[in-house]
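The listed protein sequences correspond, in order, to chains V and Z.
The numbers in numbering that gives the first Met the number 0 rise by one with no breaks, and the one at position 227 of the first sequence is 226.
The numbers in numbering that gives the first Met the number 0 rise by one with no breaks, and the one at position 202 of the second sequence is 201.
All C-beta atoms, glycine included, are put in the ideal place defined by N, C-alpha and C.
Keep in mind it's a predicted model, so treat the numbers as computed, not measured.
Reading through the structure tokens given below for one structure.
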Amino acid sequence: MKVLKNVGLFCWRFLCGVGRFFKKLWQHKQGRVGLIIVAFLAVLAIFAPLIAPYDPYDVTQRAEKGLTPSWEHLLGTSITTGQDIFSMLIYGTRSSLSIGLITGVVIAVLGSLLGIAAGYLGGWVDTLIMRVVDVLLVIPSLPLVIVMTNVLGTSYAVIVLVFAAFGWTGLARVVRSQVILIKNANYVKAAELVGASKWYIMWRHILPAVSNLLIMSTALTSAGIMVAEAGLSFLGLGNPTAISWGKMLADAQSGGAMLFGHWWSILAPGIGIFLSVYSFMRIGLALEEILNPKMRKGSSMVKVFKHLNNTYLDEVFASMDEASRLKGEYAGDALPEEVKTETLALETYAPLTGGVPEVVPAEEIAIELPAAEIAAENAENEAGAPPAESAAPAEESAPAQTRGGRHRRSKKPGKPRVETKDGGDK
Amino acid sequence: MKASYVIKRILLTIFIFLVVITLCFFIPRIGVSDPASRYYPAQTAGMSDEEYEYIKEQIRIQYGLNGSTFQQYINYMADLFTGDLGTSYQTGSPKVIDCIAECLPWTLVLSVSNLLISLVIGILIGTMAAWKRGRWQDKLLLNASTITTALPAFFIALILSFYLGFEWEIFPAYTDQNMTANFDWSWQAISTVMYNAALPVFAMVIGGIVSYAQSTRNSVIAVSGDDFILTAKAKGLSNNKVIYGHTLRNAMLPIVTQFGMNVSGLIGGSVVIEQIFNWNGMGTLFLTANSNNDYPLMMGIMIFMSAFALVANLLTDFVYSLLDPRVTLGERR
């Protein structure tokens, strides 16, 4: 039941996030261009049988080979098979968009899972995943994909799987480095301090924090996959039964479109590839611009910073925070200057899109703890906090008290203390 | 550069290379119990079973596929360290390493000239765009970079070969096969190669120039906000001295990284282009091997490409840490 509720909540948040993204995108000039083109291509793909004048899969509807454009065949017919090029162009949207999008989503799932695991869990998990990334980055990707399709066949599922299996490395790296920054943010440490489990933190705090990045990179990887798929089917190694733009180009070339001067049979699929890739890239770049506060104009940074200061964290942990900062043992202080500013930048985009410091009420986190522990904790807070606050100016006594309090908290099983000094990347 | 860093990097490289070799050993064995079965001839009518078994065994021995999988793995590794990448399944059973040696220079002709041209022109254009930040030159570059990234190189190549090759007949649309066969170092042979390489290099260079220009521009803009640039201007240095002496020098680091990445892709990056122009390089070799199911050759090419990329990455890391000692060694960039 609880799992269901969590999943439902996640989906709802995800949908809300997606809705906000579309709104932001629509307000962004370049993003709107991308959205309109994608919507247009999606309509073409979904209603292809209604829009296309001929069915290119139907052998009986083939005309004479290599006809020039006319009212009957708007872009002429294919040189090798005699299919109507205009209809093939419309049907080609299907394979390009579906392979691009599905692979993009699979890569987003794989990359985020592995990236979060590597970044947050660290240790041998991190080492293992990063070594796999190193290996996959070294092997040339196109030859590897070609070999895999040779071994496994060229069905639709295999192509998606092969692209996903070798395409997650870049995203995992980016996610990992973001997660390492987020790990040191106040709200994650607060959750750890209260005793939230690792899975809970990864699910409720880390994943929402990188979701912006995921949506952005899904758009960009989809664009990349579309190019790669076109290249693969151009080489004649794609799905042989499907109609795709790459295969249309290959057919035109092998049929001698160049010799006969049939420029339309080369230009049409090329423009199809260009439009789909361009629109996805536009969306990805627009999202990057929307999400990256460094590229934003004006004083939004200041506003966001003020907003952050008003979060519950400061209310709950103000005293403790103050005291430990005086001693300089707080993780934020141990970080190098560069990392600190990056952390700040990362936290700043959250409230804009509703991603990162989604404030989880303290009671909700506390549900994870047994009742006895909560009682003990409350007692401890009441006993510990006021003296710490009052003693804060006196540097000698305050740190000792807070450190004691922290230490007692960290003794709870299954909740290791935050590695405060482990700020950098590895 | 710390010695411990160097040793650590080299050990890691060797480890990755071993994993790559292992992968390449096992990929052809996915889903088949006897990888040599691909190469068995059909049993002819008059042949007894013993004779057929004998022929099969001979084939297994020829391709190093006899014995248990573990034994084959050990043999494969041992062969690799003597520089033997196996035997190709082509007629005449040439050594894989010989096939690679034959095709490698022709791929390098394309990719090295592509890399150098795009590096030089890209840096010049990028610096100019950064200097004219926000003006039409800059905007043109931004638009050009999104457009060329969305245009696959093979489509550019097709368009070029259509217009420049077939319609206007300025450059050859297909490579002259005699060019590679009878190459001597005469002036005429060299000029033929340049003439034939013009279109493929042109097709590859467009994307390369724009991407180098874009990253140069971003990096130069990032650096030009620094205090020492202001100091240089305040000293009264000329614009050119500020750009080339102070800004560009400090903006080079991201470009070194990108250059290193491109160097590691020198061999495997032109597969489709070579196919379009019928260029007799590694890409064509690989695709031919693929259509013949010539696994020893394919895996040999993959191992060779990976080794090349590994060495290139290693050198890039060392150069980077020499250029920027702040990279506290061991930290990833």
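Scan the segment 127-138 of chain V for residues whose Cβ lies nearer than 7 Å to a Cβ of chain Z and list them as they occur along the chain.
D133, V134, V137, I138
Which partner residues does V:D83 have in the DSSP bridge list?
V:T76
Which residue marks the beginning of the alpha helix (DSSP H) containing V:I242, and which one marks its end?
Going by DSSP, V:I242 is part of no alpha helix (DSSP H) at all; its letter is neither H nor E.
From the DSSP output, in three-state form, read off Z:T86 for me.
Z:T86: strand per DSSP, three-state reduction.
Drop a sphere of 10 angstroms on the beta-carbon of V:K22, count the other beta-carbons inside from all chains shown, and report buried for 16 or more, exposed for fewer.
exposed
How would you list, in chain order, the residues of chain Z whose beta-carbon sits under 7 Å from the beta-carbon of V:L234?
V271, Q274, L286
What residues from chain Z crowd round V:F273, counting only those whose CB sits closer than 7 Å?
A149, L150
Output needed for Z:S144: all residues of its chain with C-beta closer than 8 Å, excluding positions within five of it in sequence on either side, in chain order.
If we look at Z:S144 and ignore the five residues flanking it on each side, its Cβ neighbours are V209, S210, A212, Q213.
Between the CA atoms of Z:L313 and Z:I6 - distance to the nearest angstrom:
11 Å
Just checking, does the segment 275-293 of chain V make contact with the segment 210-227 of chain V on the three C-beta pairs under 8 Å criterion?
yes
Using a Cβ-Cβ cut-off of 7 Å, state whether Z:M281 counts as contacting chain V.
no
So, do the segment 196-212 of chain V and the segment 80-94 of chain V have three or more beta carbon pairs nearer to each other than 8 Å?
no
Using the three-state DSSP reduction, which class does Z:K94 fall into: helix, strand or coil?
strand
Z:L79 versus V:F165: straight-line alpha-carbon distance, rounded:
25 Å
4-residue-minimum alpha helix (DSSP H) runs that sit fully inside the segment 172-204 of chain Z, ordered along the chain:
176-180
7 Å Cβ cutoff, Z:R332 in contact with chain V:
Note that Z:R332 scores 40 on pLDDT, short of 50, meaning its location in the model is unreliable; the coordinates nonetheless yield the value given after this. Z:R332 does not count as touching chain V.
What residues in its chain sit with their C-beta under 8 Å from that of Z:Q136, if we drop five residues either side in the sequence?
M127, A128
Straight-line gap, Z:L322 to Z:G259 (C-alpha atoms, nearest Å)
13 Å
According to the neighbour-count rule (16 or more other Cβ atoms, all chains shown, within 10 Å of its Cβ), is V:G99 buried or exposed?
buried
Beta carbon proximity, V:M257 to chain Z, threshold 7 Å
yes
Taking the C-alpha atoms as reference points, what is the distance between V:Y186 and Z:W105?
57 Å
Is the beta carbon of Z:G267 sitting closer than 7 Å to the one on V:P142?
yes
Beta carbon proximity, Z:L10 to chain V, threshold 7 Å
When Cβ-Cβ separations below 7 Å define contact, Z:L10 makes no contact with chain V.
Among Z:T191, Z:A172, Z:Y173, which has the Cα closest to the Cα of Z:N181?
Residue Z:T191 is the option with its Cα nearest to Z:N181.
Assumed close pair V:M201, V:Y277 - CB separation to whole angstroms, cut-off 8 Å
Not confirmed; about 35 Å, so no contact.
Establish whether the CB of Z:M260 and some CB of chain V are separated by less than 7 Å.
no
Look up V:E63 in the DSSP assignment and say whether it is helix, strand or coil.
Of the three classes helix, strand and coil, the one that applies to V:E63 here is coil, per DSSP.
Using a beta-carbon distance below 7 Å, is V:N5 in contact with chain Z?
no
Proximity winner among Z:L284, Z:A308, Z:S305, Z:L309, relative to Z:D97 (alpha-carbon distances)
Z:L284
Within chain V, partners of Z:F153 - CB distance below 7 Å:
Listed along the chain, the chain V residues whose CB falls inside 7 Å of the CB of Z:F153 are G230, F233.
Cβ of V:I98 within 7 Å of any chain Z Cβ:
False, the Cβ-Cβ gap to chain Z never drops below 7 Å.
I want to verify the contact list: residues of chain V whose CB lies under 7 Å from the CB of Z:F24, in sequence order.
By Cβ distance, chain V contributes nothing, its closest Cβ being about 13 Å from Z:F24, past 7 Å.
Please confirm if V:I84 has its CB atom under 7 Å from at least one CB of chain Z.
The beta carbon of V:I84 sits no closer than 7 Å to any beta carbon of chain Z.
Assuming contact is defined by CB atoms lying nearer than 7 Å, are V:V159 and V:I115 in contact in what I supplied?
No; because the gap between Cβ atoms is not below 7 Å, this pair is not in contact.
How is V:G99 classed by DSSP in three states: helix, strand or coil?
helix
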